[in-house]
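Chemist: Mind looking over this structure? Questions follow.
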Amino acid sequence: YLDRAAIQILLTVASFILVQGIATAALTRAIADNYLGRKTDMLEAYARLGGSWARLIGALILLVLLCVILFVWLIVPCIGWISGPGILIYVAMVVSPLLAPVVVLENLGAGAIRRAWDLVRRRFWWALGFMVILIIFNQIITAGPSMVATLFLQYALKNQSVEYSNLLHTVV
């Protein structure tokens, strides 16, 4: 059980770094170049990241450590119970998505977390509400069809073995 859990944690961290970090940074670079009138494709955007990817990975690791510290803060009676969930949700939902653009566009390293926090600090409720709306739309687009397919498969495969049903669900 522990080795499977460790593998799952490593895959989650790798996915976080590759998707939230490197892919978002390349997309940010491509969008910024296109906005400035420079034609670029995605491979060129990855190439133009240069040393930004190392600073980005460092900032992402610091962000994960900050989230772990905030999670531990949740354990503190009274003070942590009241302030901890809000800060943790805010960091995870609002500051985290801004980290890659700040690193790529402003060439910041460890200070990128503070800069991302400062960018949305004055518009706290607006930014949090906007991210909640984006997450709801994302869930409707991705989870909606998946839920319909799952319900259909459960109805169609109610006499099949569990292994076959799980495999087919994963493929769909």
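Heads up: the sequence shown runs through residues 1086 to 1257, numbered per our numbering.
Even glycine gets a Cβ: it sits at the ideal position worked out from N, Cα and C.
1) Helix, strand or coil for R1114, going by three-state DSSP, please let me know.
2) Ignoring anything shorter than 4 residues, give me the alpha helix (DSSP H) runs that lie fully in the stretch 1140-1210, in order along the chain.
3) Between M1127 and A1115, which are expected to be in contact by the criterion C-beta below 8 Å, what is the C-beta distance as a whole number of angstroms?
4) On a CA-only basis, which of P1182, Q1093, I1174, W1202 is nearest A1110? Give me that one, please.
5) For V1189 and S1137, which I take to be in contact (beta-carbon distance under 8 Å), what is that distance rounded to the nearest angstrom?
6) Considering only residues of the same chain and omitting the five flanking positions on each side of M1216, which have a CB-CB separation below 6 Å?
7) Taking contact to mean 3 or more Cβ pairs, one atom from each stretch, closer than 8 Å, check whether the stretch 1143-1152 and the stretch 1194-1204 are in contact.
Modeler: A quick look at the data gives this:
1) Here residue 1114 corresponds to residue number 29 of the sequence shown, with the count starting at 1. Here R1114 sits in helix by DSSP.
2) 1164-1175, 1181-1191, 1197-1206
3) For the purposes of this step, residue 1127 is taken as the residue at position 42 of the sequence shown. For the purposes of this step, residue 1115 is taken as the residue at position 30 of the sequence shown. Sure, about 6 Å apart at Cβ, within 8 Å.
4) Along the sequence shown, read from residue 1 onward, the residue named residue 1110 stands at position 25. Answer by Cα proximity: P1182.
5) On the sequence shown, residue 1189 is found 104 positions in, with the first residue counted as 1. On the sequence shown, residue 1137 is found 52 positions in, with the first residue counted as 1. Right, their Cβ atoms sit about 5 Å apart.
6) Position 131 of the sequence shown holds residue 1216. Counting only Cβ-Cβ distances below 6 Å, and skipping sequence neighbours, we find M1178, V1179.
7) yes
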